[in-house]
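Presented below is the structure to which this report refers.
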Amino acid sequence: MVGADAGETGDDPDLATGGGPMPVSPPFLDFVVANTQVRAVGGSRQVRDSGYTLVPRTVPDYNLIFVRRGRVTWALGERTLPLRVGDLLVVPPGVPHSATSTTRRVVLGSLHVEATLTGGQDVFDLLRPPTLRTVRAGTRLDGYLRALITEWDRPADEVRLVLPAWARLVTLELLLHDAALGLLRPRPVDPVVADVLDELNTRLARRTSLAELAELSGFSGQHLNRVFGTVLGLTPLQYLTRLRMERAAAMLTDRQLTIRVIAREVGYEDPYYFSRAFKHHFGRSPSEYRHQLDPGNQPS
């Protein structure tokens, strides 16, 4: 029951109460997760034995605050949000915020990130996750957050090296976590994008042209390219190619499938043309990609 675990959220639609938001379509979510570019801006761990205070400030990025010990009251704009152990708060860019602990012993983690799609679209603004949610113990997101807290035991130069990978893991898992609980409130997207995404997912093995998609949608090819570029940063056919390559990569794990069969399953009658497209996408041919999947071929 999400509402019971979501912290003291009240009736604010930006807080994770578990009701109301429209679900994000699986193809759209899959695309966003696969193509989001996450940039780690910074982070810190705060350990206090005599209380914690954050003076009023604003930041130009998304600040993820997670509580590992104690209780903290966060002032976010005009709202007051009580945070307890397990709570994860997302502070948007440019929003004034401050905090004061209500316990002496406090352990907080802070991660600053930017998340965008190819065309520069803000992923947080696109999917609109809630401001506050409680992350249940034992979930993957909980494990990532706990592990991230320990990274600040490393020397500062090592933290700088590992922080980008952690920023990506935490950001994408946050989106998957919120999607699984029905907490995302995606920004209204041109319905033609959602309809064409659903259609493209049925066309992996079929030759497809922009003209066909335009006819099915009732819009011109130019309009389709324009709305896709605005929302996703690429055209419908570029999206289809990415989808095919990702499906082909997954199929390569099954060594009983020949490359010719995989090529046909993702819409390529010519296996040589498929191999060229695959190498362009992944930087390796299908044979090289499959060879590197063998644990015995991994660098020691």
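For the sequence shown, my numbering begins at 1263 and goes up steadily by one. Built from N, CA and C at the ideal position, the CB exists for glycine as well.
Taking just the CA atoms, how far does residue j sit from residue i?
i: Leu1514; j: His1553; result: 10 Å
i: Tyr1406; j: Gly1480; result: 45 Å
i: Val1421; j: Ile1411; result: 11 Å
i: Ala1539; j: Ser1471; result: 17 Å
i: Ser1537; j: Glu1508; result: 13 Å
i: Pro1283; j: Leu1475; result: The pLDDT assigned to Pro1283 is 49, lower than 50, so where the model puts this residue is not dependable; a value taken from the coordinates is nonetheless given after this. The straight-line gap from Cα to Cα measures roughly 29 Å.
i: Gly1339; j: Thr1396; result: 20 Å
i: Trp1414; j: Ser1306; result: 7 Å
i: Asp1516; j: Pro1498; result: 28 Å
Check residue i in the structure and name its three-state DSSP category.
i: Gly1371; result: strand
i: Asn1463; result: coil
i: Gln1299; result: strand
i: Ala1567; result: A query on residue 1567 cannot be resolved here, the shown segment of the chain reaching from 1263 to 1562 and no further.
i: Ser1360; result: strand
i: Thr1396; result: strand
i: Pro1283; result: With a pLDDT of 49 at Pro1283, under the threshold of 50, the predicted position of this residue should be treated as unreliable, though the coordinate-derived value follows. DSSP places Pro1283 in coil when its eight states are reduced to three.
i: Val1294; result: helix
i: Val1353; result: strand
i: Asp1563; result: Residue 1563 falls outside the range modelled here, since the chain spans only 1263 to 1562, and no answer is possible.
i: Val1421; result: helix
i: Pro1391; result: coil
i: Trp1428; result: helix
Roughly how far, in whole angstroms, is the beta-carbon of residue i from the beta-carbon of residue j, given that I think they are within contact range, below 8 Å?
i: Val1295; j: Leu1438; result: 7 Å
i: Leu1379; j: Ala1302; result: Not confirmed; about 17 Å, so no contact.
i: Leu1373; j: Leu1326; result: 4 Å
i: Gly1400; j: Arg1367; result: Not quite, the Cβ-Cβ distance comes to about 23 Å (not below 8 Å), so this is no contact.
i: Ala1511; j: Tyr1551; result: 7 Å
Should the region 1489-1503 be regarded as contacting the region 1441-1458, the criterion being three or more beta carbon pairs within less than 8 Å?
yes
Where in the region 1299-1350 do unbroken runs of the beta strand (DSSP E), each at least 3 residues long, occur, reported from the N-terminal end onward?
1299-1310, 1315-1319, 1324-1331, 1334-1338 and 1341-1345
If we count Cβ pairs, one from each stretch, closer than 8 Å, do we get three or more for the region 1425-1440 versus the region 1377-1391?
yes
Would the region 1321-1337 count as touching the region 1351-1362 if we require 3 or more Cβ pairs under 8 Å?
yes
Given 8 Å as the limit, is there contact between the region 1347-1359 and the region 1308-1324, that is, 3 or more CB pairs closer than that?
yes
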